[in-house]
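What follows is a set of notes on a single structure, which appears directly below.
2 protein chains.
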Amino acid sequence: MSIVNVNVAGGSYAIHIAPNVLKQVATSIPEDASSIVLISNKTIMPLYGDVVKQSLSVTAKPLHILELPDGEAFKTLETLNTIYTFLLSQRVDRKAVIVALGGGVIGDMCGYAAASYMRGIRFIQVPTTLLAQVDSSVGGKTAVNHPLGKNMIGAFYQPIAVDIDVTVLKTLPAREISAGLAEVIKYGLILDAEFFAWCEENVAKLLALDAETISYAIHRSCELKAYVVGEDEKETGMRAILNLGHTFGHAIETALGYGKWLHGEAVGCGMVQAAELSAQVLGLPRSEVDRIRSLVEAIGCPTVAPNFGTDKWIELMQIDKKAEGGKIKFVLLPKIGEAVVRTVPSEDLGIALSRTVKA
Amino acid sequence: MSIVNVNVAGGSYAIHIAPNVLKQVATSIPEDASSIVLISNKTIMPLYGDVVKQSLSVTAKPLHILELPDGEAFKTLETLNTIYTFLLSQRVDRKAVIVALGGGVIGDMCGYAAASYMRGIRFIQVPTTLLAQVDSSVGGKTAVNHPLGKNMIGAFYQPIAVDIDVTVLKTLPAREISAGLAEVIKYGLILDAEFFAWCEENVAKLLALDAETISYAIHRSCELKAYVVGEDEKETGMRAILNLGHTFGHAIETALGYGKWLHGEAVGCGMVQAAELSAQVLGLPRSEVDRIRSLVEAIGCPTVAPNFGTDKWIELMQIDKKAEGGKIKFVLLPKIGEAVVRTVPSEDLGIALSRTVKA
């Protein structure tokens, strides 16, 4: 088993990465837990619910099980309220532990439910998508969406453990693997040029879900993210670089409606857009932009964005959480492996948009 | 002006207590605030909105104003969503500051909105009820109610400043003064026998809202609460003593429906019930129980609880956040000025209930 230790002000915990970790989830349950609440969705529960339930049964603690609908469209205050109502009607107390079994939607929403139920109870992430494994496992970002913006309601709240089972990726649709790999590449782009090159070399093995290769990609991604988050838990500075591609990506998701493009797909495309903007503003060489576009394409993500018109694009990006006083901040790449945060002249933004949206 | 400094892990801030502090709210706005969001309710806004708006205008920052309905019945996820929708539609960003002008409902709900909007923006408490001034000003407890329980959804989140204007108490209904004084007395009961005796001596002046007397009562209450919270921000230990009377009180509020009894009234009655239980379990002398009942009565709070039957009482108290594994924990008084947290035998609880509920 490979372990990444995460140390942040809000708490320290371990990420366990290995095949068949699902069978060992019980080892992450603290002895003083009064009960366990297993929350998943109707896609994942039938696939992995039994394995997790069996693992948890060895704790001999009361187990409450909640199955939610599946999809980003349900990452809402309404579903959150469903969770609260379940917890209260089951008399779940402050010493309980929530086990979130599922992708980013389940993780973000259960994390936020844990953060806000009785002002905070413990929770364990068991991410079952590649995106959630490399992204939501580290950083303590929990949230639900609002009709006017994605992830607008939430909290910074740390899990007590993250259990990553790489075997579950076998049942994941190919699109979701692509979406997850977009985030993997991102860590290389912003922090580690060698890791980006390693991804270029190993793209076939990654897509084939070779256990050793994918485990290393997850491990390195979590490590890099843990480094950034450890430096800046509340996203006041450095952490902003993790949003490479996200300002564009969130705009796409908001305009098309959540779930049309997967989050990772939108981020993949957004990274190509950020690369074009970096070329325009910081002189990132065209050859590097091409490497980025090629790898995003190779992992199977879109590299051409929808064309909403420049005004609508800017309006969509202004509502991003990273915007301040109406000014949009972008994560840009002076070179592969290094990132900066900048506002940009609107002419440059227009040019970069014109190069990356559908003709 | 009298100032209480609060230092907790989640942040440090100052409580300013003085007549006419409302005119100086602008001094609490940080220079880097991108905009100000003034939130109040339809009772308070007409009374004090203009004074605060005028104070804030000297900052020359954009000011967004939201008026909410008044009352505990509106301390819900729905109203919270009204706040989120307002903030998003006004393009309020992460650098904004919320000013919560009102009683405990406004303070708790706006505090929680601030805690959860974009995962946390800054807020300033301007409490306009005595209860909010002595209770919500310190401790960072923010929350909304759920139909199945009071304050079940929330966060620990600190304001950046608290501005307490004692002149606003003049427009407060007498019942609300009584309810606030119940919490004042509580601090004496759990921590400071001398302060309790001071309250006994000064009850007439307190009820008459003599400026100097009420300012001292607020100051001492905030100081005592700040001491407890500083020791235990997340309510894992000592802080529980602040819940004297609350286990009984919350049961009353839940059963009657929020707002029928004021929170402070329920706590006042609950303290008499806790005193009776203390006599039963810890041998608190009858003379002391009588002193407590007399002072609760003198400040104008009820001292006889509704009679729901013992089973229903226990059921109501089990859903309390302080309950663990179905066991109800009570804050009890070995003597006036000292508190302990205990589970109690149900026979003793039955006896104490029989002595404090309506015949």
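Order-wise, the sequence lines are chains A and B. Going by this note's numbering, the first residue of the first sequence is number 20, and it counts up by one from there. Going by this note's numbering, the first residue of the second sequence is number 20, and it counts up by one from there. Glycine is no exception: its CB is placed at the ideal position from the N, C-alpha and C atoms.
Item, Value
"Of the residues that make up the segment 91-113 of chain B, which ones have a beta carbon closer than 7 Å to any beta carbon in chain A?", "L96, N100, Y103, T104, L107, S108, R110, D112 and R113"
"In terms of residue numbering, what span does the alpha helix (DSSP H) encompassing L368(B) cover?", "S365 to T375"
"Does G173(A) get closer than 8 Å to chain B when you measure Cβ to Cβ?", "yes"
"Here's the rule: buried if 16 or more other CB atoms are within 10 angstroms of the residue's CB, otherwise exposed. What is P192(B)?", "exposed"
"Could you tell me which residues DSSP puts in a beta bridge with E161(A)?", "Note that residue 161(A) is Thr in the sequence shown, not Glu. A174(A), per the DSSP bridge assignment."
"What do you reckon, are the CB atoms on I237(A) and L225(A) nearer than 8 Å?", "no"
"At 9 Å on the CB atoms, spell out the chain A contacts of K160(B), in chain order.", "R138"
"Taking 8 Å as the CB-CB limit, is I347(B) close to chain A?", "no"
"Kindly list, in the order they appear in chain A, the residues whose Cβ is closer than 8 Å to that of G168(B).", "L107"
"Who does D182(A) pair with in a DSSP beta bridge?", "H35(A)"
"Relative to the alpha-carbon of G29(A), which residue among V40(A), H35(A), G139(A) and F105(A) has its alpha-carbon at the smallest distance?", "G139(A)"
"Please report the distance separating the alpha-carbon of V25(B) from that of I209(B).", "19 Å"
"Determine which residues share a DSSP beta bridge with N60(B) and list them.", "L87(B)"
"Is the Cβ-Cβ distance between V381(A) and D367(A) less than 8 Å?", "For chain A, the structure presents residues 20 to 378; residue 381(A) sits outside this window and is missing."
"Which whole-angstrom value describes the C-beta separation of G123(A) and D154(A), a residue pair presumed to lie in contact below a C-beta threshold of 8 Å?", "7 Å"
"Identify the continuous alpha helix (DSSP H) that holds S135(B) and give its terminal residues.", "G123 to S135"
"So which residues of chain B does Q337(A) contact, with C-beta pairs closer than 8 Å?", "R110"
"Quick check on S135(B) - is its C-beta less than 8 Å from some C-beta in chain E?", "Of the protein chains in the structure, A and B, none is chain E."
"Does the beta-carbon distance from L351(A) to S297(A) come in below 8 Å?", "yes"
"Per DSSP, R141(B) forms a beta bridge with which residues?", "V116(B)"
"In whole angstroms, give me the CA-to-CA distance for E334(A) and F175(A).", "27 Å"
"How about L107(A) and H165(B): do their beta carbons lie closer than 8 Å?", "yes"
"Tell me the DSSP secondary structure of G328(B) in three-state form.", "coil"
"Can the beta-carbon of A132(A) be found less than 8 Å from the beta-carbon of I102(A)?", "yes"
"Could you check the C-alpha separation between I355(A) and K377(A) for me, to the nearest Å?", "25 Å"
"Determine the closest residue to I172(A) out of G199(B), R113(B), V157(B) and P146(B), with distance taken between C-alpha atoms.", "R113(B)"
"Classify E357(B) as helix, strand or coil using the three-state DSSP reduction.", "strand"
"From the beta carbon of H165(A), is the nearest beta carbon of chain B less than 8 Å away?", "yes"
"State the start and end residues of the unbroken alpha helix (DSSP H) segment that holds I22(B).", "I22(B) -> not in any alpha helix (DSSP H); beta strand (DSSP E) instead, spanning S21 to V27."
"Once DSSP output is grouped into helix, strand and coil, what is the label at G268(B)?", "helix"
"Go through the segment 175-247 of chain A residue by residue and report every complete run of the beta strand (DSSP E) that reaches 3 residues or more, in order.", "180-184"
"Quick check: the Cα distance between V44(A) and I318(A), rounded to an integer number of angstroms?", "31 Å"
"I'd like the list of long-range same chain contacts for F327(A), defined as Cβ closer than 6 Å, with 5 residues on each side in sequence excluded.", "A274"
"Under 8 Å by Cβ, that's how I've got I183(B) and H35(B) pegged, so tell me the actual separation to the nearest angstrom.", "7 Å"
"What does the alpha-carbon distance come out to for the pair A324(A) and S74(A)?", "44 Å"
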